[in-house]
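Remarks on the structure that follows.
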Amino acid sequence: MDRSPEPGAPPVLSRAAVRPTSDLAGGMRFIIQGRVPLQGAIRVSGAKNAVLPAMAAALLTSEPVIIEGVPRIEDVLILGEVLTRLGATVEWLDASTLVITADQVRSFHAPSDLVKRMRASFLVVGPLLARFGEGASCPPGGDVIGQRPIDVHLVGFMALGAEVRFDGEVYWTRAKRLRGRTIFMDYPSHIGTENLLMAATLAEGRTVIRNASAEPEVVNLAQMLIGMGAKITGAGTSTIEVEGVERLHGTRHRVIPDRIEAGTFALATAVTGGDVWVENVQPRHLDSLLWKLGEMGVRVEEHGTVLRVDAREGRLRSTNVQCLPYPGYPTDLQATIGAVLTQAEGLSVVHERVYDNRLLHVAELRRLGAEIEVSGQTAVIRGPVALAGTTVRALDIRSGAALVLAGLAAYGRTEVLDIAHLDRGYESIDVKLRQLGARIERRTAIT
Ligand code: EPU
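For the sequence shown, the working numbering assigns the number 13 to the initial residue and increments by one for each residue that follows.
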């Protein structure tokens, strides 16, 4: 195949290398003056959890891979740095398009300092192992939201014939060539499925992944891999079949819209009693949330890829939420819906079933006046209560978003500390909220 980017590729505006900036972001905070109903329109960015596997998949070929719809978020910059240190070239073609060329990979060991900052870095192991016969990484870090083992990744690599060794610090994986076979995943891990799917594309013979994750981001990755020449069927169901091929080629791929960002704006609209048009949405990816919004009394209209969320009428009603793997209600919208339910009439029960420690932010919501009791991974929320602004701290990406939503609903001034967490996953959330009329400002440590 022709190794140059496809004809019609956007012009190269700036071939800026991708570099994370979060080391400079310490001490940043949001100041929010609440009680303004959101109004207007915003456009959702490409999905964080779809772009990260797409970037890792670029390691499967020596040809350029163009990824469109890329959000400028910290996690993208960190994974870009991981790929660069492995030897790939990672460049912005324009504000939301990356081109990654992995023709000069010289290391098969993901840098530990970066892997510890972001769990998704572990996604490079499957492609490295499949293409180069070895891939190594330390156990991944990431948000403190519960136990996050990687056993299903490792068991899957071993099932495909890899030798996996842990030396106390690093997992070393090795295989001359992976061999396809049937794998049953103990848990339908999201990035576990992505890692095994990528590994299986270059394995010899047929791989069947049972109890696979059906998240839309897995489907988006499968579409990209098919565009690179992989033979995959069943993505989006619990059984994915892959017929291994000898090599993959470059492609041009578009990242799906971020359903979690879309959901966060829909919930922000609900909590402020606003009326917002959320653009660039795939509504079918958000069925579980739309169902909940309906139960809460929020009107949602679908206009193709635009959702109109209208919460101007009446009070919110309480509801119960169970967080489950897709198509269940997403854990990544658990904290945010919890913040909204503090404003709903009656008792709501939120049951977190994906992670075993993802209710730590409740203590911060309580500081704002929320009435929430936690027992294990279940939160019982009594509403509506008048929240009163104070200083709270973001603990991870999604709990940070929940505190912003609570601040938008609170009387007075709310200060959200450690917002670098939000910058990892939301593209310019403060800018977009201001576009909707919110009074939110970003301050650095000294302003
Ligand atoms: N699990 C295992 N063994 C494994 C892997 C996971 O037991 O080998 C368990 C974990 O302990 C956890 C559950 O499975 O209780 C869910 O983990 P999963 O592997 O599905 O999550 P992930 O793939 O690491 C992705 C997203 C998360 C999102 C989850 C669930 C990316 C980069 N991350 O993580 O996103 O919460 O799926 O949908 O895709 C976020 O965006 O804020 C975020 C945390």
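Cβ atoms here follow ideal geometry from the backbone N, Cα and C, with glycine treated the same way.
Relative to the C-alpha of residue 117, which residue among 134, 49 and 147 is closest?
Position 105 of the sequence shown, counted from the start, is the residue given in the question as residue 117. The shortest C-alpha separation from residue 117 is found at 147.
Beta carbon of residue 265 nearer than 8 Å to that of residue 66:
Taking the first residue of the sequence shown as position 1, residue 265 is located at position 253. Taking the first residue of the sequence shown as position 1, residue 66 is located at position 54. In contact: residue 265 and residue 66 (Cβ atoms closer than 8 Å).
Does the beta-carbon distance from residue 94 to residue 136 come in below 8 Å?
The count along the sequence shown starts at 1 and reaches residue 94 at position 82. The count along the sequence shown starts at 1 and reaches residue 136 at position 124. For residue 94 and residue 136, yes; Cβs fall inside 8 Å.
Got a sec? Which residues, its chain only, sit under 8 Å from residue 329 by beta carbon, not counting five neighbours each side?
Walking along the sequence shown from the start, residue 329 turns up at place 317. So the list reads 307, 308, 309, 356, 357 and 358, once near-sequence residues are dropped.
Can you grab the Cα-Cα spacing for the pair residue 426 / residue 345, in whole Å?
Here residue 426 corresponds to residue number 414 of the sequence shown, with the count starting at 1. Here residue 345 corresponds to residue number 333 of the sequence shown, with the count starting at 1. If I take the Cα positions, the gap works out to 21 Å.
By a C-beta neighbour count over all protein chains shown, 10 Å radius and 16 as the cutoff for buried, is residue 364 buried or exposed?
Looking up residue 364 in the sequence shown gives position 352. Label assigned to residue 364: buried.
Cutting at 7 Å between CB atoms, please list the residues of its own chain near residue 419, excluding the five before and the five after it.
In the sequence shown, the residue the question calls residue 419 occupies position 407. These residues qualify, in order along the chain: 44, 46, 401, 426 and 428.
Give me whichever residues DSSP pairs with residue 44 in a beta bridge.
The residue labelled residue 44 in the question sits at position 32 within the sequence shown. 426 and 452, per the DSSP bridge assignment.
Give the secondary structure of residue 162 by DSSP, where H, G and I count as helix, E and B as strand, and everything else as coil.
What you label residue 162 is simply residue 150 of the sequence shown in a count that begins at 1. In this structure, residue 162 counts as coil in the three-state DSSP scheme.
Would you call the region 335–350 in contact with the region 207–220, where contact means no fewer than 3 C-beta pairs closer than 8 Å?
no
In chain order, which beta strand (DSSP E) runs of at least 3 residues are fully inside the region 292–345?
311–315, 318–322 and 332–335
Based on DSSP bridge pairs, tell me the residues matched to residue 387.
Within the sequence shown, the letter at position 375 stands for residue 387. Per DSSP, 390.
Are the region 224–239 and the region 177–190 touching by the rule of at least three beta carbon pairs closer than 8 Å?
no
Per DSSP, what are the beta-bridge partners of residue 75 in this structure?
Start at 1 with the first residue of the sequence shown, and residue 75 comes out as number 63. None, per the DSSP bridge assignment.
By a C-beta neighbour count over all protein chains shown, 10 Å radius and 16 as the cutoff for buried, is residue 369 buried or exposed?
The residue given as residue 369 occupies position 357 in the sequence shown. Exposed, since its Cβ has fewer than 16 Cβ neighbours within 10 Å.
Between the beta-carbon of residue 267 and the beta-carbon of residue 290, is there less than 8 Å?
Start at 1 with the first residue of the sequence shown, and residue 267 comes out as number 255. Start at 1 with the first residue of the sequence shown, and residue 290 comes out as number 278. In this structure, residue 290 does not lie closer than 8 Å to residue 267 by Cβ.
Which stretch, first to last residue, makes up the beta strand (DSSP E) that contains residue 52?
Counting from 1 along the sequence shown, the entry for residue 52 is found at position 40. Counting along the chain, the beta strand (DSSP E) containing residue 52 begins and ends at 51–55.
Buried or exposed, going by whether 16 or more other CB atoms sit within 10 Å of the CB of residue 315?
Position 303 of the sequence shown holds residue 315. Burial call: exposed.
Within 7 Å: the Cβ of residue 202 and any heavy atom of ligand 1?
As a first step, residue 202 must be located in the sequence shown, where it is residue number 190. Residue 202: yes, Cβ under 7 Å from ligand 1.
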